[in-house]
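Residue numbers (the working numbering), protein chains in the order written: chain D, 1 to 594; chain Z, 1001 to 1280.
The beta carbon of each residue, even a glycine, is placed where N, CA and C say it ideally should be.
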């Protein structure tokens, strides 16, 4: 591996800005770190360059551990957004800077400079000063300067940010060709997905300091595993659908979907599906569609953008309309559609036109957290619970919605629960959890009042059968909060010495499972003692902690964990319940959220 | 630049008015007194003029005035830079306070600073009493004069270098570091050249201020002829003797030397700026 990052963490004032990031970049690979501003991507790049120290983890370049090596000894070339050329030096002096520092002979320096200027097509510019060059030319000089000392790794921090569109494209081509010609391992940081697609062999998407997904551009676009990647790489409509025995159902209509997997543990459940705007088919009537019909819609807005026509459509069939997620999970969500000129000519549309909508390709996200359902004695209390800061921020970040449900008295047979049921903490919480689980809820989030967004999330399961599901839920949760993940393994007391090896192995298994199948980087800790008291002890050890707890026995929630859920002020606890039958149905496919 | 650019709307009214005002203002405040000085000098005959300006006492005073001013400006260039660096680069408690104290020499009446320095550095003063046993005399010597000049010209360097340092991008240092440069190399080859124009300006201003200083120096100088007598003091002495022409002649010489030195530094800067091409 040319660049290997192993669980790199960087905190600013206790807040992780780079959170347990592990990346392997192969020899000669062009790796693009893509993310919105503040996602930690630039900090990570600076950490690779050695300009920012890290709090945890290891960085190695070409097999050499450079975690504690100074920037000037790392042998990397770095290109900045604002060029950072030395303005009092000529182009020649700028490029030769690294060679002068190394006391290279003048003739050798000149030869190298000529070579580099040719590489970035700036021959004859040697004696110019940076101020006499255009922005694009300055950035070429910066690239040449960064390559002068033949670094093993080239790092580029938003190198096109300050340039206009045309020059940007030209320079992009130059950098790509230089990279190919030299075969140098390159990491580029950008917030521009188009740039990432144009340049990358591999893209790593970051958000909230976490590396969410890594893959080649077309795979990431076609089969994103997370909501964030789905919506950040191009436009995407997110839909809530139900996975039933006979396939995916959107509202009342069954649809076929790519990426749909066999049902987990034989239970019908809610899933999040991605429908790309260009994968939507429009027909005047349902019969005209060649793909799966999903709903009827009314055209609300038509925008002409040149090659494409962009439509915003309101879904008309009630059960379907409610299943479409808006940018923040709100109710007035609209379906985004793009059509080519060819499609537009075949069916010209005016505002207000009613159409039949079909989905050519629907991709189901492997995330187990689809939506939230705030449950309380009355609808009003449920609405209040939905306004809890943690729940609100989670649903906004997940771009999903929070439904309301009154569950007065815990009697009768309730309508099926979908998504994560959320209830408020307190002495009643344990029995409510038990009741919800008995009536079909699979995940329950117990929220103490005004719980802050966690900075550390503990993960624990009572039975190995719940491991996969718990890890999947934890991974999905941790993509949306900037917190550290810690798996807590607990060994009962009274098994001194001899019994330690097995729990240690379980710990390592858990970590590699989380890494490989769920894209989740987590630490592991081992505690010795009784489960509930160990959990309580760890949760009380710091502020803003949270627990994801996997169980296979409903009565456990009602009895053993009563004190955990009733604690004052208490911690948010997300209970993941998988019935013991799951043991017999190996859900190998369901956990491929990489 | 095309001539059209003058016609472009601007906040300040017309070119004609502004140029007229500039000329008038410069004439009334700067040129008129200076020409009076030249006229007064012109009233002397040549041999008398030479006799006045080339007298051993006058020559000694030039040496002291310009020498001490150059040393003071030089000292400030080094320590003013360090001060500015500290203020720009570090966040520490009391930073705002230090920042405010920098301007104090501007506000203090120069006589007050002179008296204060004399009190401290005289043979039995707070600091003077510890220096005295080692044979270091500060008050009433050229050293004292230099100390006074350093004090009153210090803000000029700090205040001109500060904004320039703020502009040196951290990225430049980071870039140099990834290219393999050590700290000292970065300082010498990147930071100093980048702030050099500002540093020179600060030096010029400090020097100009020091040459013209009178108030603080006369208290700490002791004013012994040939030894600790600065030119401005000599001018005052001539005035007190009602030798107006002699005073004017000395003033004229100071003016001429200062003008040549300032011009030289300015040209140096123009040349430097051209090299930098500050077309940001």
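Beta carbon proximity, residue i to chain Z, threshold 7 Å
i                      : result
residue 51 of chain D  : yes
residue 590 of chain D : With a pLDDT of 39 at residue 590 of chain D, under the threshold of 50, the modelled position of that residue is not reliable, and the figure given next carries that caveat. Chain Z, which has no Cβ nearer than 7 Å to the Cβ of residue 590 of chain D, makes this no.
residue 98 of chain D  : yes
residue 584 of chain D : In this prediction, residue 584 of chain D scores a pLDDT of 42, lower than 50, which makes its location untrustworthy; the coordinate-derived value is nonetheless stated afterwards. Taking Cβ atoms only, chain Z never reaches closer than 7 Å to residue 584 of chain D, which makes this a no.
Proximal residues of chain D, C-beta to C-beta of residue i below 7 Å
i                       : result
residue 1181 of chain Z : 72 and 101
residue 967 of chain Z  : No answer is possible for residue 967 of chain Z: it lies beyond the span of chain Z, which begins at 1001 and ends at 1280.
residue 1185 of chain Z : 101
Contact with chain D by residue i, beta-carbon distance below 7 Å
i                       : result
residue 1175 of chain Z : yes
residue 1099 of chain Z : no
residue 1243 of chain Z : no
Where residue i meets chain Z, residues with beta-carbon distance less than 8 Å
i                     : result
residue 78 of chain D : 1174, 1175 and 1178
residue 82 of chain D : 1169 and 1171
Identity of the residue in the options nearest residue i by Cα
i                       : options                           : result
residue 198 of chain D  : D/209, D/170, D/183 and D/302     : D/170
residue 1073 of chain Z : Z/1201, Z/1230 and Z/1140         : Z/1201
residue 1172 of chain Z : D/248, D/244, D/418 and D/78      : D/78
residue 1165 of chain Z : Z/1194, Z/1043 and Z/1235         : Z/1194
residue 450 of chain D  : D/30, D/74, D/401 and D/544       : D/544
residue 515 of chain D  : D/1, D/3, D/23 and D/17           : D/23
residue 87 of chain D   : Z/1064, Z/1038, Z/1169 and Z/1067 : Z/1169
residue 418 of chain D  : D/158, D/240, D/177 and D/146     : D/240
residue 73 of chain D   : D/50, D/268 and D/433             : D/50
residue 201 of chain D  : D/120, D/25, D/440 and D/554      : D/25
residue 1042 of chain Z : Z/1118, Z/1130, Z/1271 and Z/1244 : Z/1244
residue 453 of chain D  : D/573, D/503, D/303 and D/165     : D/573
residue 101 of chain D  : Z/1017, Z/1265 and Z/1181         : Z/1181
Amino acids of chain D, ordered along the chain, whose beta-carbon sits closer than 8 Å to that of residue i
i                       : result
residue 1190 of chain Z : 86
residue 1103 of chain Z : Result: empty, since nearest Cβ-Cβ is about 30 Å, beyond 8 Å.
Under 9 Å by beta carbon: chain D residues contacting residue i
i                       : result
residue 1194 of chain Z : 86, 87 and 88
Sequence-distant residues of the same chain with beta carbon closer than 6 Å to residue i, five excluded per side
i                       : result
residue 596 of chain D  : Chain D is shown only over 1 to 594; residue 596 of chain D falls outside these bounds and no answer can be derived.
residue 56 of chain D   : 9
residue 463 of chain D  : 552
residue 435 of chain D  : 410
residue 168 of chain D  : 160
residue 279 of chain D  : 360 and 361
residue 1267 of chain Z : none
residue 183 of chain D  : 28
Within chain C, the residues that residue i reaches when beta carbons sit closer than 9 Å
i                      : result
residue 149 of chain D : Of the protein chains in this structure, namely D and Z, none is chain C.
Cutoff 7 Å; reference residue i; Cβ partners in own chain excluding five residues on either side
i                       : result
residue 1106 of chain Z : 1155
residue 83 of chain D   : 138, 139 and 142
residue 1225 of chain Z : 1057
residue 244 of chain D  : 268
Contact list for residue i against chain Z, beta-carbon separation under 9 Å
i                      : result
residue 237 of chain D : Simply none; closest approach about 40 Å.
Neighbourhood of residue i by C-beta distance below 8 Å, restricted to the same chain and skipping five residues each side
i                       : result
residue 536 of chain D  : 563, 564 and 567
residue 1004 of chain Z : Here the model assigns residue 1004 of chain Z a pLDDT of 44, short of 50, so the residue's position is not dependable and the matter cannot be decided.
residue 70 of chain D   : 50
Proximity test, residue i beta-carbon vs the ligand ADP heavy atom, cut-off 6 Å
i                      : result
residue 166 of chain D : The ligand ADP is absent from the structure shown, which contains no ligands of any kind.
Would you check if there are 3 or more beta carbon pairs closer than 8 Å linking the region 89 to 97 of chain D to the region 116 to 133 of chain D? yes
Does the region 418 to 434 of chain D come close enough to the region 560 to 568 of chain D to have 3 or more Cβ pairs within less than 8 Å? yes
Examine the Cβ distances between the region 38 to 49 of chain D and the region 184 to 191 of chain D and report whether three or more of them are shorter than 8 Å. Touching, yes, given that three or more Cβ pairs across the two stretches are closer than 8 Å.
Is the region 338 to 350 of chain D touching the region 382 to 395 of chain D, taking contact as three or more C-beta pairs under 8 Å? no
Specify whether the region 200 to 210 of chain D and the region 222 to 234 of chain D touch according to this definition: at least 3 beta carbon pairs, one from each stretch, less than 8 Å apart. yes
Please confirm if the region 1171 to 1188 of chain Z is in contact with the region 1090 to 1104 of chain Z, defined as three or more CB-CB distances below 8 Å between the two stretches. no
Do the region 331 to 346 of chain D and the region 303 to 313 of chain D meet, that is, are 3 or more Cβ pairs less than 8 Å apart? Yes, the region 331 to 346 of chain D touches the region 303 to 313 of chain D.
Assess, as a yes-or-no matter, whether the region 107 to 117 of chain D is touched by the region 51 to 65 of chain D under the definition of 3 or more beta carbon pairs within less than 8 Å. no
Does the count of Cβ pairs from the region 515 to 533 of chain D and the region 478 to 489 of chain D closer than 8 Å reach three? yes
Within 8 Å, do at least three Cβ pairs link the region 526 to 534 of chain D to the region 26 to 39 of chain D? no
Do the region 1229 to 1236 of chain Z and the region 1051 to 1061 of chain Z touch if we need at least three Cβ pairs shorter than 8 Å? yes
Should the region 1101 to 1118 of chain Z be regarded as contacting the region 1245 to 1261 of chain Z, the criterion being three or more beta carbon pairs within less than 8 Å? no
Specify whether the region 1046 to 1053 of chain Z and the region 1112 to 1129 of chain Z touch according to this definition: at least 3 beta carbon pairs, one from each stretch, less than 8 Å apart. no
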